[in-house]
């Protein structure tokens, strides 16, 4: 069932958001300061390609550096990616078959705002 959900996910916005993460990651990797942000964008992009069956947990060792990185992430690319997830979530909630995919987009929207200090399992 997870495999079918992931295949349908790619059709219902997974590819578009993964490409957005990839483009954001490449743009952030241009500077040395942006490398950690670009790596995080790549991780989220891979998660966005195959989300069903994966879980996101908060790291127990997240501290003030992760908070600072999350604040910078919010202004660098997190807000734009969050908005994309919200739009996809609203559109998918209109149909009955799209509700699980919309729910996943809303979960990813929360992750798109504060990705540092979280681990994808």
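Numbering (our numbering), first residue to last: 146 to 266. Beta carbons are placed, not taken as given, at the ideal position from N, Cα and C, and that holds for glycine. Note that the structure is predicted; figures quoted are calculated from it, not measured.
For this session: Name the two residues that bound the continuous beta strand (DSSP E) containing residue 248.
Result: Along the chain shown, one-based indexing puts residue 248 at 103. Careful: residue 248 lies outside any beta strand (DSSP E), inside the alpha helix (DSSP H) at 244 to 258.
For this session: Starting from the C-beta of residue 158, find all residues in its chain whose C-beta is less than 6 Å away, skip the five residues before and the five after it, and write them out in chain order.
Result: Within the chain shown, the letter at position 13 stands for residue 158. The residues are 233.
Exercise. If we ignore side chains and look at the alpha-carbon of each, how far apart do residue 211 and residue 263 end up?
Worked result: The sequence position of residue 211 within the chain shown is 66, counting from 1. The sequence position of residue 263 within the chain shown is 118, counting from 1. Between residue 211 and residue 263, the C-alpha separation is close to 9 Å.
For this session: Give me whichever residues DSSP pairs with residue 201 in a beta bridge.
Result: Translated into positions along the chain shown, residue 201 becomes position 56. Answer by DSSP bridge pairing, in chain order: 265.
Exercise. Quick one: is residue 209 buried, meaning 16 or more other Cβ sit within 10 Å of its Cβ, or exposed?
Worked result: Sequence index remark: in the chain shown, residue 209 carries index 64 (1-based). By the neighbour-count rule (16 or more Cβ atoms within 10 Å), residue 209 is not buried but exposed.
Problem set entry | Close-in-space but distant-in-sequence residues of the same chain around residue 219 (CB under 7 Å, 5 per side omitted) | For the purposes of this step, residue 219 is taken as the residue at position 74 of the chain shown. Cβ neighbours of residue 219 within its own chain (closer than 7 Å, five residues either side excluded): 258.
Exercise. When we look at the beta-carbon of residue 226 and count the other beta-carbons within 10 Å, is it buried (16 or more) or exposed?
Worked result: Your numbering for residue 226 matches position 81 in the chain shown. Flag for residue 226 reads buried.
Exercise. Is residue 196 buried or exposed, if buried means 16 or more other CB atoms sit within 10 Å of its CB?
Worked result: As a position in the chain shown, residue 196 is number 51, starting the count at 1. Answer is buried; the Cβ neighbour count reaches 16.
Exercise. Between 217, 155, 160, which lies nearest to residue 180 when the distance is taken from Cα to Cα?
Worked result: Here residue 180 refers to the residue found at position 35 of the chain shown. Nearest C-alpha to residue 180: 217.
For this session: Out of 228, 160, 215, state which residue places its alpha-carbon closest to the alpha-carbon of residue 192.
Result: Along the chain shown, read from residue 1 onward, the residue named residue 192 stands at position 47. The shortest Cα separation from residue 192 among 228, 160, 215 belongs to 160.
Exercise. So what does DSSP say about residue 223, is it helix, strand or coil?
Worked result: The residue you call residue 223 lines up with position 78 of the chain shown. In this structure, residue 223 counts as helix in the three-state DSSP scheme.
Problem set entry | Top-ranked residue by Cα proximity to residue 248, from 265, 260, 230 | Mapped onto the chain shown, residue 248 falls at position 103. The option with the nearest alpha carbon to residue 248 is 230.
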